[in-house]
Amino acid sequence: MSEFNKTLVKRFNQQVIAEGDRHAFDDLVAEDFINRSAPVGTANDRESLWRTFDQILRPAISQLQVTIEDQIAERDWVTTRKTLTGLHTGSLLGVAASGKAVSISVIDMVRIVNGKYAEHWGLNTLAQVVDQLKQD
3 MSEFNKTLVK RFNQQVIAEG DRHAFDDLVA EDFINRSAPV GTANDRESLW
53 RTFDQILRPA ISQLQVTIED QIAERDWVTT RKTLTGLHTG SLLGVAASGK
103 AVSISVIDMV RIVNGKYAEH WGLNTLAQVV DQLKQD
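Numbering (our numbering) for the sequence shown: 3 to 138.
Okay, structure coming up:
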C-alpha cells in the first residue's frame with residue numbers, strides 16, 4: 003500500500019503539477035478532497051486545488067518541473083519534500099514576469115483514500131519567492 007501511494011503522489015506531481023493534465027487530476031483527487039493548508043478565508047476544495055496549478059503556478063512559471071527530494075509513506079499517508087522549478091515568464095501573484103529562474107521548496111502530507119487524494123497539508127516557500135521577485 004505504501005509503495006502504491008508513493009507512486010500515486012509521484013504521478014500527481016508529474017502529470018498534474020508539471021504537465022497540467024486535468025484528466026490525471028480528475029483521476030487522482032477525490033470529489034470531497036479538503037486542502038487543510040488553504041489560506042484562511044479561501045476555498046479549500048478540489049477545484050481550488052486545481053486552480054492553484056492551472057491559474058496561478060502554470061501560467062506564471064514556464065518549464066515547470068517537480069523534483070521529489072524525499073518521500074515517506076505509512077498507512078494512508080505520504081509525506082513528500084519536493085522542489086518546483088522553472089522560469090518566471092508570467093504574472094505571479096501580482097508580480098510581472100521577470101524571466102528569472104524560480105525555485106519553490108515544498109513539504110506536503112497527503113492522505114490517500116481509495117487511490118485518491120482525500121486531504122492535504124503543506125508548507126512551501128512561494129511567499130518568499132514572490133517577495134524576492136518583488137525586490138529584484
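Virtual Cβ for every residue (Gly too), placed ideally from N, Cα, C. The structure displayed is predicted, hence computed values, not measured ones.
Margin query: Within a Cβ cutoff of 7 Å, which residues of the same chain sit near S4, ignoring the five residues on either side of it in sequence?
Written below: Start at 1 with the first residue of the sequence shown, and residue 4 comes out as number 2. Excluding sequence neighbours, S4 sits near A75, E76.
* Answer yes or no: do I114 and D56 have a C-beta to C-beta separation smaller than 7 Å? => If you number the sequence shown from 1, residue 114 lands on position 112. If you number the sequence shown from 1, residue 56 lands on position 54. Result no, Cβ atoms of I114 and D56 do not sit closer than 7 Å.
Alpha helix (DSSP H) containing D28: first to last residue?
-> Reading the sequence shown from its first residue, position 26 is the one you call residue 28. Counting along the chain, the alpha helix (DSSP H) containing D28 begins and ends at 24–30.
Exercise. Would you mind reading off the limits of the alpha helix (DSSP H) that contains Q73?
Key: As a position in the sequence shown, residue 73 is number 71, starting the count at 1. Premise fails: Q73 lies in the beta strand (DSSP E), 63–76, not in any alpha helix (DSSP H).
Cβ shell of S39 (< 6 Å), same chain only, five flanking positions each side left out:
If you number the sequence shown from 1, residue 39 lands on position 37. Counting only Cβ-Cβ distances below 6 Å, and skipping sequence neighbours, we find W123, G124.
Item to complete: Measure the Cβ-Cβ separation of K84 and L30 and say whether it is below 7 Å.
Response: Walking along the sequence shown from the start, residue 84 turns up at place 82. Walking along the sequence shown from the start, residue 30 turns up at place 28. Here K84 is not near L30, since their CB atoms are 7 Å or more apart.
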